[in-house]
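**Q** Going line by line, the protein sequences match chains A and B.
So that you can map any letter, position 239 of the first sequence is 239 in the working numbering, and since no number is skipped, the others follow by simple counting.
Position in the second sequence counted from 1, then plus 317, gives you the working numbering.
All residues carry an ideal CB built from backbone N, CA and C; glycine is no exception.
The structure follows.
Protein chains: 2
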Amino acid sequence: MKALVLGFGHVGKALAGILPDAIEAAAICTRNGAVLNPVLDELLAETDNRHLSHSRAFAAMDPLDAVQNLEYDVLVDLTPTNFSDAQPSTTYWRTAFERKKHVVTANKGPLALHYGDVTSAAEENGVRLLFEATVAGGTPVFSFARHCLKGAEIVSAEGILNGTTNYMLTQMESGKTYAEALLEAQQKGYAESDPANDVQGFDALGKAVILANALFNQDTRYADHMPQGITEITVEDISAASKRGECFKLIATVDESTLSVKPQQIPKTHALANIGDAWNALTFYTRHADAVTVKGRGAGGLPTASSVLNDLWELHG
Amino acid sequence: MKALVLGFGHVGKALAGILPDAIEAAAICTRNGAVLNPVLDELLAETDNRHLSHSRAFAAMDPLDAVQNLEYDVLVDLTPTNFSDAQPSTTYWRTAFERKKHVVTANKGPLALHYGDVTSAAEENGVRLLFEATVAGGTPVFSFARHCLKGAEIVSAEGILNGTTNYMLTQMESGKTYAEALLEAQQKGYAESDPANDVQGFDALGKAVILANALFNQDTRYADHMPQGITEITVEDISAASKRGECFKLIATVDESTLSVKPQQIPKTHALANIGDAWNALTFYTRHADAVTVKGRGAGGLPTASSVLNDLWELHG
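What follows is the structure, encoded as structure tokens:
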């Protein structure tokens with residue numbers, strides 16, 4: 001199976017390092033152009049040099065040209081998420097679908113903004129669109145729902161889907177202020193220098209929208225919801241909750257008809273209460289098997305790449 | 318798809334109640350004989366009467382006759398586990414495989430005693446042997462490993478696989494003695510009147526053997542291992558551990574070459590530490606995605622039936 005990989009950041013580099021013999025990278029497109037297969041080995045040997053992808057001269061091929069013209073079986077979209085218009089990924093995906101190519105993505109944009117359109121386009125062309133890496137990084141949630149909970153029947157799901165805010169809340173439980181916790185999250189590389197996307201809940205909202213759509217066959221959209229973030233939670237709130245045997249978590253909840261992302265006070269015995277630091281977890285409430293929870297790494301190049309690879313294996317069979 | 322169901326206890330009755338239209342029970346075999354499809358509806362309508370299956374007159378058909386002669390696609394084995402010789406299930410399975418029928422089982426016996434033989438027999442006949450319900454009840458572990466962690470690559474696994482002992486240890490944490498905790502587990506229906514199988518670790522061992530075989534393609538056998546149970550743990554041990562920030566759990570550990578079932582003292586921050594009462598959980602340590610943990614109901618008719626149904630859906634497609 002041949003993959004055309006768009007993006008060569010943390011996830012792309014990690015994926016390149018773990019691709020099995022059965023799955024070949026036909027080409028990797030960086031923002032500087034496409035790197036075609038003949039020079040890939042050379043490139044991969046040097047991936048320790050993180051500036052490599054920007055300092056080398058690449059074959060002068062625009063990503064859209066590559067999507068349109070190269071020979072491959074599956075387009076792997078590892079470009080950054082864009083919640084404004086989900087471009088240029090949406091165009092890349094449509095082009096791939098029309099060429100009867102599968103799409104595997106870690107980019108959330110097109111799924112959060114127009115899930116129904118992109119899934120229909122895949123279906124109409126008889127190909128698959130898989131997106132395990134878009135939610136909870138290395139924690140399987142979509143393959144889990146598809147293959148492991150069909151007997152149980154999912155009724156609703158709630159989870160911790162943003163590692164940055166969960167790390168901050170965990171730090172605040174040990175007495176740090178919001179500002180101190182944010183600084184530490186930035187120093188650890190969890191939070192961007194502009195942390196709004198995380199702390200205001202927009203990252204978690206994008207994931208919740210994809211979850212709601214995929215689990216309950218909906219077509220709800222990012223723009224139709226407003227998350228509540230953690231910016232107004234103080235260390236005093238957390239300390240008072242702790243005295244009541246409770247803690248604060250930023251929780252995304254989805255079912256057939258509702259979706260919310262907001263901080264919640266939950267008892268310390270709750271399945272999500274002990275999900276600390278940058279871990280993610282999702283609890284599925286089911287008709288036949290009560291609650292089933294899956295917990296894993298919510299981010300990081302290698303765990304996220306492993307979710308991409310799992311989707312590739314699902315296509316490969 | 319037509320299923321021949323052997324056994325009509327808690328799991329069988331629960332399964333009968335949730336079978337979708339796409340999967341038909343061709344017959345259900347109780348210890349009194351086989352109930353063929355024409356009278357199933359009548360039987361199911363009365364399943365609230367738990368003595369029904371023993372008080373009615375059934376068609377006089379021996380289970381082996383049914384396995385040999387009825388028309389079905391998949392044999393569903395819900396008979397009690399027998400760790401002595403794994404009979405009569407082993408004979409039923411072989412017969413079904415020779416007739417090119419799939420087997421879905423909640424019975425652990427044949428898998429714990431001669432995994433290689435039964436999996437080879439299925440393979441040679443071009444049919445599948447699925448056993449999600451044998452380990453951790455309603456918690457997906459085998460479908461999870463097969464479909465969700467192929468990208469992550471499992472290196473080892475450790476888990477809490479026996480609900481009875483976990484319930485007892487949780488009770489002892491709140492100050493109850495071993496004897497009090499055992500009595501309570503019996504009153505709740507978790508422990509049998511002879512609790513040896515649970516408290517001495519044999520139930521968890523049978524599950525660990527199946528896990529080791531399925532995850533790492535081995536053929537290790539129940540008789541080659543000796544578990545350490547919880548019978549020597551006192552409430553004083555637990556209280557002393559608690560003061561050190563630790564707790565006792567009966568943990569099964571498997572990797573490519575080792576297998577153990579024994580009580581372990583783990584820090585309260587450990588992923589398995591907050592798995593209380595009769596819940597089960599399994600943590601997979603992976604090459605690419607760090608630790609991934611799944612938690613769910615370890616027993617109960619309906620959760621276990623949901624795992625059986627999930628296997629049936631996997632065959633149905």
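Please go through the same chain and pick out, in chain order, the residues whose beta-carbon is closer than 6 Å to the beta-carbon of residue 51 (chain A), but skip the five residues on each side of it.
**A** A caution first: residue 51 (chain A) carries a pLDDT of 41, below 50, which makes its placement in the model too unreliable to give a value.
**Q** Could you please give the first and the last residue of the uninterrupted alpha helix (DSSP H) stretch that includes residue 65 (chain A)?
**A** From DSSP, the alpha helix (DSSP H) with residue 65 (chain A) extends over 63-69.
**Q** If you follow the beta strand (DSSP E) that residue 25 (chain A) is part of, which residue opens it and which one closes it?
**A** 24-30
**Q** Tell me the residue span of the alpha helix (DSSP H) that contains residue 434 (chain B).
**A** 432-441 is the span of the alpha helix (DSSP H), which, as asked, contains residue 434 (chain B).
**Q** From the DSSP secondary-structure annotation, give me the bridge partner or partners of residue 320 (chain B).
**A** B:342 and B:391
**Q** DSSP on residue 103 (chain A), reduced to helix/strand/coil?
**A** strand
**Q** Taking just the CA atoms, how far does residue 560 (chain B) sit from residue 583 (chain B)?
**A** 12 Å
**Q** Which residues in chain A sit within 7 Å of residue 460 (chain B), going by Cβ to Cβ distance?
**A** 147 and 148
**Q** Taking the alpha-carbon of residue 447 (chain B) as reference, which of B:572, B:528 and B:472 has the nearest alpha-carbon?
**A** Checked all of B:572, B:528 and B:472; the closest Cα to residue 447 (chain B) is B:528.
**Q** In the DSSP output, which residue or residues are listed as bridge partners for residue 447 (chain B)?
**A** B:421
**Q** In whole angstroms, what is the alpha-carbon distance linking residue 329 (chain B) and residue 1 (chain A)?
**A** 43 Å
**Q** Should residue 12 (chain A) be flagged as near chain B, meaning a C-beta pair shorter than 9 Å?
**A** no
**Q** Please report whether the beta-carbon of residue 114 (chain A) lies at a distance below 9 Å from any beta-carbon of chain B.
**A** no
**Q** Counting only beta-carbon atoms, is residue 612 (chain B) nearer than 9 Å to chain A?
**A** yes
**Q** Are the C-beta of residue 606 (chain B) and some C-beta of chain A separated by less than 9 Å?
**A** yes
**Q** For a contact defined as C-beta to C-beta under 7 Å, what are the partners of residue 309 (chain A) on chain B?
**A** 468
**Q** Does residue 646 (chain B) pass the burial test, meaning 16 or more other C-beta atoms within 10 Å, or should it be called exposed?
**A** The structure shown has nothing for residue 646 (chain B), since chain B only spans 318 to 634.
**Q** Beta strand (DSSP E) containing residue 295 (chain A): first to last residue?
**A** 291-297
**Q** Please state whether DSSP places residue 53 (chain A) in a helix, a strand or coil.
**A** Bear in mind that a pLDDT of 45 at residue 53 (chain A), under 50, signals an unreliable position, so the model cannot answer this.
**Q** Along chain A, which residues have their Cβ under 7 Å away from the Cβ of residue 589 (chain B)?
**A** Within 7 Å of the CB of residue 589 (chain B), no CB atom of chain A is found; the nearest one sits about 11 Å away.
**Q** Just to confirm the assignment, what range does the alpha helix (DSSP H) spanning residue 307 (chain A) have?
**A** Looking at the DSSP string, the run of the alpha helix (DSSP H) that includes residue 307 (chain A) is 301-316.
**Q** By the criterion of Cβ-Cβ separation under 9 Å, what are the contact partners of residue 138 (chain A) in chain B?
**A** The contacting residues are 468, 469, 603, 605, 606, 607 and 609.
**Q** Nearest chain A C-beta to residue 401 (chain B) closer than 9 Å, yes or no?
**A** no
**Q** What would DSSP say about residue 230 (chain A), mapped onto helix, strand or coil?
**A** coil
**Q** Could you tell me whether the Cβ atoms of residue 25 (chain A) and residue 70 (chain A) are closer together than 9 Å?
**A** no
**Q** Spell out a yes or no on whether the region 159-172 of chain A and the region 458-477 of chain B are touching, meaning 3 or more CB-CB pairs, one atom from each, closer than 8 Å.
**A** Between the region 159-172 of chain A and the region 458-477 of chain B, the count of Cβ pairs shorter than 8 Å is below three; the stretches do not touch.
**Q** Just checking: is the beta-carbon of residue 335 (chain B) within a distance shorter than 9 Å of some beta-carbon in chain A?
**A** Yes, contact with chain A.
**Q** So residue 393 (chain B) packs on residue 421 (chain B), CB below 8 Å; how close in whole Å?
**A** 5 Å between Cβ atoms; contact.
**Q** Using a Cβ-Cβ distance under 9 Å, would residue 476 (chain B) count as near chain A?
**A** no
**Q** Please identify the residue among B:418, B:403 and B:409 whose C-alpha is closest to the C-alpha of residue 382 (chain B).
**A** B:409
**Q** Can you confirm whether residue 305 (chain A), when its beta carbon is compared against all beta carbons of chain B, has any partner nearer than 9 Å?
**A** yes
**Q** Say whether chain A places a C-beta atom closer than 9 Å to the C-beta of residue 371 (chain B).
**A** The predicted model places residue 371 (chain B) with a pLDDT of 42, which falls under 50 and marks its position as unreliable; any figure quoted below should be read in that light. Chain A contact via Cβ: absent.
**Q** Which residues bound the beta strand (DSSP E) around residue 251 (chain A)?
**A** 246-255 is the extent of the beta strand (DSSP E) around residue 251 (chain A).
**Q** Considering only residues of the same chain and omitting the five flanking positions on each side of residue 619 (chain B), which have a CB-CB separation below 7 Å?
**A** 331
**Q** Starting from the beta carbon of residue 313 (chain A), find every residue of chain B whose beta carbon is closer than 7 Å, and list them in chain order.
**A** 467 and 468
**Q** Where does residue 710 (chain B) fall in DSSP's three states?
**A** With chain B running from 318 to 634 in the structure shown, residue 710 (chain B) is simply not present.
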